[in-house]
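Residues in the sequence shown are numbered from 1 upward in steps of one, following my numbering.
First comes the structure, then the notes that go with it.
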Amino acid sequence: MESEEAVRVPRRWRSPLRFLLAVLTVVVMFVVPSAAATGVDAVRPDRLLLYATEDPATSQAVTWRSEVPFDGELEVAPINAPNDVTTFPAQSRDEGGYTYFRATATELAPQTAYRYRVGGGGITSSRWDTFTTASTGADPFRFLYFGDTQHGGEGIDPSVAAGLTAVPDADMAVSVGDLVDDGHDDAQWQDWYDAFAESRTRGMRHFAAVGNHEYDDDDFSPLWGLQFPETGNGPAEDDQLRETVYYSDYQGVRFIALNSNYRTVPEEEREEWLQTQARWLDEVLTTNTQTWTAVMFHHPLYSGRPARNNVDIRQAWGDILEEHDVDLVLQGHDHSYSRGNLEANQTDDEGVHTGPVYVIANSSPKTYPSSTENWRVYDAVPRVQDVARPAYQVIEVDGNTLEYESVTAQGHVLDEFSIVKDATDKRVLDNRVAGSAES
Ligand SMILES: [Fe+2]
1 MESEEAVRVP
11 RRWRSPLRFL
21 LAVLTVVVMF
31 VVPSAAATGV
41 DAVRPDRLLL
51 YATEDPATSQ
61 AVTWRSEVPF
71 DGELEVAPIN
81 APNDVTTFPA
91 QSRDEGGYTY
101 FRATATELAP
111 QTAYRYRVGG
121 GGITSSRWDT
131 FTTASTGADP
141 FRFLYFGDTQ
151 HGGEGIDPSV
161 AAGLTAVPDA
171 DMAVSVGDLV
181 DDGHDDAQWQ
191 DWYDAFAESR
201 TRGMRHFAAV
211 GNHEYDDDDF
221 SPLWGLQFPE
231 TGNGPAEDDQ
241 LRETVYYSDY
251 QGVRFIALNS
261 NYRTVPEEER
271 EEWLQTQARW
281 LDEVLTTNTQ
291 TWTAVMFHHP
301 LYSGRPARNN
311 VDIRQAWGDI
321 LEEHDVDLVL
331 QGHDHSYSRG
341 NLEANQTDDE
351 GVHTGPVYVI
361 ANSSPKTYPS
371 STENWRVYDA
381 VPRVQDVARP
391 AYQVIEVDGN
401 TLEYESVTAQ
411 GHVLDEFSIV
421 KDATDKRVLD
431 NRVAGSAES
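Written out as structure tokens, the structure is:
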């Protein structure tokens, strides 16, 4: 994506109000040296967001937008050397009356706190925010995992705020698709940004996988890639896959995002589209040097709703996830909660299994009924299901142990399990089963 400011006459300038704003902006840019110094909020960049890179120990991606175009840049300096500022140029693109920017800070030092701000052309975000690069080792950390945050007008579910309040030091928030009801609707994205609040989009990394509501039939929302830019290590064969499929290694965990929206692809191309991701997945799992793996995508392999049988995805990716003994498969879409495993991975110890954990989470006020049927038909065991209570999930990774908790906005623990590894074995232990898959 190339900067377009130099040649364009933005469509929005045809509006008298926007023209006036543009004139004021030119005055601010060329007469006043810094808009920040004047307190001109109209040109303040907004929707700053920290996003995934392949190596968060040495790099950090930032996206933002502005009502006015300018040559954007990202300024970064170590907290302990705040005047040692490095400037990274941004790429930009116009969409829906805004200019969207992306920039990636590179060659950063691991496990180091940085201050950063965005701006350019005399306009700055007017405040410094901070991020800390990952360590190169497997230092303990916590992350949040949210199911669909999509809502139908009720507003973002309080489970999102509850999770952010309960785990303010989470290193990242993982979202698994359907972040909004209509991915083309900018106002709904504003709801999403408001729910996370600036302090959490500017200060907490976000890893996201794309859901069906980010598409309108086969029309992929341009806002997705502008807000969650491609990490650059996904399958190169397909533009959408390159934009939505990636991995990021973070302190002992390889996070992998896949795109499960095969129904948006012409029927004759679906098999190859899924196989492209299958080959890529197999490769990034084969070359993985991290202790843990968390694979995230939207449509679940074993659905909580029989009518939502995602057979093509299960056939394309199911064996690979099992063969590589992926630890967490983080999914959404069903608007109910399920967690389980393949029957073949049961052990003789009650409440203990091995192999991958498949989770379907919901962080939306919209809830659907669930059943065990789709799991059992395909030889999987749903250990915990919950129908009507949206929740957030917090996961703590510490050396060879992973602790998982699913909690409602009211503080009720829906589910809890641990994964413990040693050199030859992995055990997934039910800490407490709050809901029954049979009920
Ligand atoms: Fe969905």
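No residue lacks a Cβ here, since even glycine has one placed at the ideal position from N, Cα and C.
Computed from a predicted model, the values in this text were never measured in an experiment.
Contact check, residue i vs residue j, beta carbons under 9 Å
{"i": "R308", "j": "D334", "result": "yes"}
{"i": "V174", "j": "H206", "result": "yes"}
{"i": "P89", "j": "A113", "result": "no"}
{"i": "L321", "j": "V381", "result": "no"}
{"i": "V176", "j": "F143", "result": "no"}
{"i": "A257", "j": "V295", "result": "yes"}
{"i": "V394", "j": "A170", "result": "yes"}
{"i": "Q290", "j": "V245", "result": "no"}
{"i": "L241", "j": "V352", "result": "no"}
{"i": "F141", "j": "E416", "result": "no"}
{"i": "F131", "j": "Q60", "result": "yes"}
{"i": "V265", "j": "D218", "result": "yes"}
{"i": "G96", "j": "L223", "result": "yes"}
Run of the alpha helix (DSSP H) containing residue i, from where it starts to where it stops
{"i": "Y302", "result": "Taken as a continuous stretch (DSSP letters only), Y302 belongs to no alpha helix (DSSP H), as it is neither H nor E."}
{"i": "L108", "result": "Segment: none, L108 is in no alpha helix (DSSP H) and carries neither H nor E."}
{"i": "R314", "result": "V311 to E323"}
{"i": "T201", "result": "D186 to G203"}
{"i": "N374", "result": "E373 to V377"}
When the options are compared against residue i, the one with the closest alpha-carbon
{"i": "W292", "options": "D325, V311 and R270", "result": "D325"}
{"i": "T444", "options": "W280, D422 and L49", "result": "The requested residue 444 is not part of the displayed model; the chain covers only 1 to 439."}
{"i": "P365", "options": "D178, A103 and D319", "result": "D178"}
{"i": "Q227", "options": "V329, H213, F101 and E271", "result": "F101"}
{"i": "E243", "options": "Y378, P229, G122 and S135", "result": "P229"}
{"i": "P82", "options": "Y116, R270 and V167", "result": "Y116"}
{"i": "A161", "options": "D194, L49 and N431", "result": "D194"}
{"i": "Y247", "options": "D216, A208 and S221", "result": "A208"}
{"i": "V329", "options": "T53, H151 and Y404", "result": "Y404"}
{"i": "E271", "options": "N233, R314 and L301", "result": "R314"}
Any non-hydrogen atom of ligand 1 closer than 8 Å to residue i Cβ
{"i": "D282", "result": "no"}
{"i": "N310", "result": "no"}
{"i": "D148", "result": "yes"}
{"i": "D178", "result": "yes"}
{"i": "N431", "result": "no"}
{"i": "H333", "result": "yes"}
{"i": "N212", "result": "yes"}
{"i": "H206", "result": "no"}
{"i": "H412", "result": "no"}
{"i": "H299", "result": "yes"}
Same chain, Cβ closer than 8 Å to residue i, neighbours up to 5 away in sequence not counted
{"i": "L414", "result": "Y337, V384, D386, R389, A391, S406, V407, T408, A434 and G435"}
{"i": "D379", "result": "L342, E343 and A344"}
{"i": "L48", "result": "V62, T63, W64, V118, S125, D129, E198, T201 and R202"}
Proximal residues to residue i (C-beta, below 6 Å), its chain only, five neighbours per side dropped
{"i": "G72", "result": "A90, S92, F101 and G120"}
{"i": "K426", "result": "T354"}
{"i": "M29", "result": "Reliability of the predicted coordinates at M29 is poor, the pLDDT of 37 falling under 50, and no value is obtained from them."}
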